[in-house]
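Residue numbers (my numbering): 599 to 976.
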Ligand SMILES: [Zn+2]
């Protein structure tokens, strides 16, 4: 019997302005876009079983190379059958390259032209990550989508700093491509850098498309520049990206960020906002962002979000969720993480349907109109 060999492909199904609805076909199944990837940092989407993540409608999750290489180790995960089996997620998995976490978490990091040497934040052990070792580790993890090693340019950065940083990332992108072992249905994504400078972003896109990748990510945003600046960068960068490849905006964002970015042609997102919010009583709903610790929920017998079919909304009241957080019960973060991920997935499905129907602009306006002033003080 011949096994069907699927290739890694992206196909646009519909467009509405710059926005696109599409399908990414991979070795581990299809991803309908625009897509939101829940973050499963250490091989788990915090507070969620894999079944629960699936029930929210997610088709792809993200794993963090930095965390997994340190503990339990990429070789161990490979010996145990790969990350899909290890975390019971047979669907597509995207792994980051580890570079961002080294810069934000590791101790005594030292960057050179060929990679970065650092000490683990767990036990202080010395490690080195290079473009080729980052790709090899992601191969051991069996990542469906591998990300090149890059340096996330700090914000703010001078044009000279951003230029030097971007050129290093492009050098590493070429080395990552060299190290990547092509397999049917597996993809390697390049990462556009260049800070907030349009000419550097353009040069980065030109360098990456010259190398050739299965998808293109935009990195170095949502690092303190603010939404207006981020959207300005997207306005000048997204139109430069190849139309026949998926486009991934890394580390973004709030529901409002997702709507704005989808309208500008972004296909994929990842962010800790819904899961982290779920652990800190921050709820994303049809009516905006709520803080379930707020005393006004103590006697509220109604559901968190009447439009939501998650267990938190169909089985429980706001008063109960409020009580769980006030009592520091672990069920509170579990239920609210489920709800927030369900909200994010519904937002993506609704945007996809709106793109197909050619009414994304109206959908965006109606969605925002339903948001009350944010309680987002916590
Ligand atoms: Zn819900």
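Ideal Cβ placement from N, Cα and C applies to all residues, glycine included.
Relative to ligand 1, residue 940 has its C-beta within less than 8 angstroms of a heavy atom. Per DSSP, residue 935 is one residue of the alpha helix (DSSP H) stretching across 929-955. Rounded to the nearest angstrom, the gap between the Cα atoms of residue 947 and residue 632 is 8 angstroms. A Cβ-Cβ separation of about 4 angstroms places residue 690 in contact with residue 742 under the 8 angstroms criterion.
Three or more pairs of CB atoms, one per stretch, sit closer than 8 angstroms, so the region 753-772 contacts the region 796-810. Non-local beta-carbon contacts of residue 756 in its own chain, meaning distances under 6 angstroms to residues more than five positions away in sequence, are absent. In the structure shown, residue 892 falls within a coil segment according to DSSP collapsed to helix, strand and coil. Just measuring C-alpha positions, the residue of 895, 931 and 926 sitting nearest residue 917 is 895. Residue 634 is bridged by DSSP to 867. Judged by DSSP secondary structure, residue 719 falls outside any alpha helix (DSSP H); it is assigned neither H nor E.
Per DSSP, residue 678 lies in no alpha helix (DSSP H) segment and is marked neither H nor E.
Around residue 788, the same chain offers 746, 771, 806, 811 and 814 as residues with beta carbons nearer than 6 angstroms, after the five sequence neighbours per side are excluded. With a 10 Å radius around the Cβ and a threshold of 16 neighbouring Cβ atoms, residue 799 comes out buried. A buried status is given to residue 901, since no fewer than 16 other beta-carbon atoms sit within 10 Å of its beta-carbon. Scanning its chain for C-beta atoms nearer than 6 angstroms, with the 5 sequence neighbours on each side dropped, one finds around residue 868 the residues 635, 637 and 660, in chain order. By the neighbour-count definition (other C-beta atoms within 10 Å, threshold 16), residue 763 is a buried residue. Nearest C-alpha to residue 776 among 731, 796 and 876: 731. Here the alpha carbons of residue 712 and residue 630 stand approximately 36 angstroms from one another. The Cβ-Cβ distance between residue 623 and residue 606 falls below 9 angstroms. If one requires a minimum length of 3 residues, the beta strand (DSSP E) runs lying completely within the region 735-802 are 743-745 and 785-790, in chain order. In this structure, residue 735 and residue 685 do not form a Cβ contact; the two beta carbons are roughly 16 angstroms apart against a cut-off of 8 angstroms.
The alpha-carbon of residue 932 is positioned some 12 angstroms away from that of residue 880. Apart from the 5 residues on each side of it in sequence, residue 960 sits with its Cβ closer than 8 angstroms to the Cβ of 952 in its chain, given in chain order.
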